[in-house]
Structure formats: structure tokens, C-alpha cells
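Participant: Protein chains in written order, with our numbering: chain A, 12 to 164; chain B, 12 to 164. Backbone N, C-alpha and C fix where the C-beta goes; we use that ideal spot for every residue, glycine too. Keep in mind that this is a model prediction, so the values were computed, not measured. Please read through the structure below; I'll follow up with questions.
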């Protein structure tokens with residue numbers, strides 16, 4: 012069995028919920044991305060996220076993915092929790108952050124051109140989770156977490 | 012790239028949040044399992060869940076996993092939503108249900124002896140999510156979903 016598990020040892024990843032307004036304010040604005048996922052054969056709403064580079068710290072990864080996928084820099088990122096994606100199958104963990112104080116970086120034009128960026132109030136994002144229109148587990152959980160435990164409503 | 016994705020085509024799975032008291036009541040009781048996960052190298056809290064058998068419907072799978080992992084039969088299961096576990100990597104989806112009207116089945120003794128079953132109020136389960144002590148993504152999301160959208164608080 013060891014060799015099977017070894018096949019799926021993975022480096023871990025970071026994900027980040029980007030707030031465009033004060034998270035403690037009334038129904039804050041969040042930023043989501045939309046991209047085509049071949050495995051799912053559809054466009055999915057997601058939070059910016061990606062694999063850690065070798066030796067990269069999870070918070071640095073969260074900032075990098077935010078920059079690469081949205082062109083934004085964050086004044087501050089704060090770790091929220093860590094989740095196992097599929098613990099029966101792999102050791103992959105995702106470190107989930109929230110980002111505040113966003114500014115369009117100088118390299119905003121480097122943002123991935125195959126990714127659409129969409130801004131919406133947190134209440135709308137939660138409504139998409141409730142209706143099953145946000146189907147990516149890390150994204151749905153991250154949004155529910157910030158709404159339940161960190162953001163004003 | 013096609014062949015890479017094809018490697019990770021998976022049959023899908025069901026998960027179920029078992030309610031031991033009326034979900035609409037004040038702080039309902041839920042049932043969680045604890046099992047050792049080799050990939051994670053630790054014990055994790057989880058909701059009962061598992062892979063679909065060939066030809067098996069998601070609701071039948073939810074009932075079967077509930078029976079096998081806890082020894083309980085459900086009067087009714089209701090589908091809540093469907094999530095992609097890691098859409099950048101695999102097409103695996105988990106169909107999430109809630110189960111109500113639980114009774115100890117006749118075959119309760121067949122329940123997996125390597126799985127511990129634990130009952131707790133939903134408020135405590137949410138507190139474990141908040142503190143990062145429920146780290147399995149499907150479990151944390153399922154609990155947040157029922158708390159946010161289905162259960163009384």
C-alpha cells in the first residue's frame with residue numbers, strides 16, 4: 012500500500028479569498044475567477060489558488076497566485092485554515108488565506124488571459140454556493156468559512 | 012494532456028451528514044466518524060462517505076456508506092449539492108446528502124470496526140471547523156452548508 016500512497020504525495024497548495032472591501036463591513040465585495048476545467052468539462056468559479064513552488068511558503072504562494080491570476084497585490088494575507096482535499100487518496104493539503112488591501116499591481120497585464128475575474132458581494136457568492144453553482148470544494152468552503160467566521164454580514 | 016486527465020477519471024462518491032435530531036430544531040445533533048487516514052498520517056473527523064459502486068445511484072451509495080460506517084439506517088436522505096474535490100486534477104465529484112430519521116439497523120454490528128462514531132451538537136462541529144480541527148474538505152463544507160442553509164441554529 013505504501014507505494015500507492017507514495018504516488019500521490021503532493022507538495023500542497025494555497026488558496027486565497029480576495030476581499031475588495033473591508034471584510035468587517037456590510038456584505039463585502041469578493042473577487043472570484045472563472046476558468047475552464049478540462050477534468051470537469053466546464054467553467055468553474057474558483058478562488059485564486061495553486062501549487063506551492065519548491066521551498067515556497069504557503070503565504071508567499073497565496074500572494075503569487077493572487078498576482079498571477081488576478082493581477083492584484085495584497086497589503087495583507089491572513090491564514091484561515093488548512094484542508095485535506097481527498098484524505099482517502101492523497102496527502103494534498105490546501106492552505107486557505109484571506110487577502111485584504113488589494114491594489115492592481117504594476118504587472119496586472121501579466122494576469123492569466125485565460126482566466127476571467129469577477130467581483131461580487133459575498134452574499135451573492137453564498138447564494139451561488141447554496142444553489143450548487145459554485146461547485147469547487149475549496150472555493151465553496153473558503154467562502155462559507157469567511158462568511159461564517161470572519162466577515163461582517 | 013488528454014491521457015493525463017484520463018488517468019484520473021473517477022466514478023464519483025457520496026457523502027452524508029447524519030442528523031440524530033430534527034435538523035430544524037435548536038442545535039441539532041450530528042454524527043461524525045473518526046478514522047485513521049494513512050495519506051494524512053492522522054485521525055480525521057469525517058462524514059460517512061465513499062465511492063459509488065458500478066451502476067449505483069448516489070442516494071443509494073449515501074445510505075450504504077451510512078450503514079457500513081455507522082450501522083444506522085436513514086428514514087430519508089436529501090441531496091444538498093455536488094462538489095468537485097480537485098477540479099484541476101480529476102473529474103471526481105462528491106454528491107452530498109443529509110440523512111434524517113436514523114435508526115440502528117439490524118446489521119449495526121457490521122459497522123466498520125476501525126471507524127469510531129461520535130455524536131455532537133452541530134454548534135460544536137462548527138467550532139471544530141473554525142479552529143481547523145475538522146480538516147477534511149468534504150466534511151467541513153458539508154457541515155457549513157447544513158448549518159448555513161438547512162438547519163436551525
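For the structure I just gave you, are there three or more beta carbon pairs, one from the segment 131-142 of chain A and one from the segment 85-94 of chain A, closer than 8 angstroms?
Facilitator: No, because fewer than three Cβ pairs between the segment 131-142 of chain A and the segment 85-94 of chain A fall closer than 8 angstroms, the two stretches do not touch.
Participant: Exposed or buried, residue 36 of chain B, counting other C-beta atoms within 10 Å across all chains shown (16 or more means buried)?
Facilitator: The residue given as residue 36 of chain B occupies position 25 in the second chain. Counting Cβ neighbours within 10 Å, residue 36 of chain B comes out exposed, since fewer than 16 surround it.
Participant: How close, in whole Å, do the beta carbons of residue 71 of chain A and residue 99 of chain B come, if the pair is a contact with beta carbons under 8 angstroms?
Facilitator: Numbered from its first residue, the first chain carries residue 71 of chain A at position 60. Numbered from its first residue, the second chain carries residue 99 of chain B at position 88. With a Cβ gap of about 20 angstroms, residue 71 of chain A and residue 99 of chain B do not count as contacting.
Participant: Per DSSP, what kind of secondary structure is residue 160 of chain B in: helix, strand or coil?
Facilitator: What you label residue 160 of chain B is simply residue 149 of the second chain in a count that begins at 1. If DSSP states are grouped into helix, strand and coil, residue 160 of chain B belongs with the helices.
Participant: Would you verify that the beta carbon of residue 248 of chain A is, or is not, closer than 9 angstroms to some beta carbon of chain B?
Facilitator: Only positions 12 to 164 of chain A appear in this structure, which leaves residue 248 of chain A out of reach.
Participant: Which residues, taken in chain order from the segment 95-120 of chain B, show a beta carbon closer than 9 angstroms to some beta carbon of chain A?
Facilitator: Within the segment 95-120 of chain B, the residues whose Cβ lies closer than 9 angstroms to some Cβ of chain A are 95, 96, 97, 98, 99, 100, 101, 102, 103, 104 and 105, listed in chain order.
Participant: Under DSSP, the beta strand (DSSP E) around residue 42 of chain B begins and ends at which residues?
Facilitator: As a working note, residue 42 of chain B is residue 31 in the second chain. Note, residue 42 of chain B: beta strand (DSSP E), 40-48.
Participant: Report the CB separation of residue 105 of chain B from residue 158 of chain B in whole angstroms; it is logged as a contact under 8 angstroms.
Facilitator: Position 94 of the second chain, counted from the first residue, corresponds to residue 105 of chain B. Position 147 of the second chain, counted from the first residue, corresponds to residue 158 of chain B. Actually they are not in contact, since the Cβ atoms of residue 105 of chain B and residue 158 of chain B sit about 18 angstroms apart, beyond 8 angstroms.
Participant: Indicate the three-state DSSP secondary structure (helix, strand or coil) for residue 140 of chain A in the structure shown.
Facilitator: Indexing the first chain from 1 puts residue 140 of chain A at position 129. Of the three classes helix, strand and coil, the one that applies to residue 140 of chain A here is helix, per DSSP.
Participant: Is residue 114 of chain A helix, strand or coil when you go by DSSP?
Facilitator: Looking up residue 114 of chain A in the first chain gives position 103. Reduced to three states, the DSSP call for residue 114 of chain A is strand.
Participant: Do the CB positions of residue 84 of chain B and residue 115 of chain B come within less than 9 angstroms of each other?
Facilitator: Along the second chain, one-based indexing puts residue 84 of chain B at 73. Along the second chain, one-based indexing puts residue 115 of chain B at 104. Yes, the pair counts as a contact, with Cβ atoms nearer than the cut-off.
Participant: At which residue ranges does the segment 18-101 of chain A contain complete alpha helix (DSSP H) runs of 4 or more residues, listed in the order of the chain?
Facilitator: As far as the segment 18-101 of chain A is concerned, its whole alpha helix (DSSP H) runs of at least 4 residues are 69-81.
Participant: Starting from residue 147 of chain B, follow its DSSP beta bridges and name the residues at the other end.
Facilitator: Numbered from 1 along the second chain, position 136 holds the residue referred to as residue 147 of chain B. A:95, per the DSSP bridge assignment.
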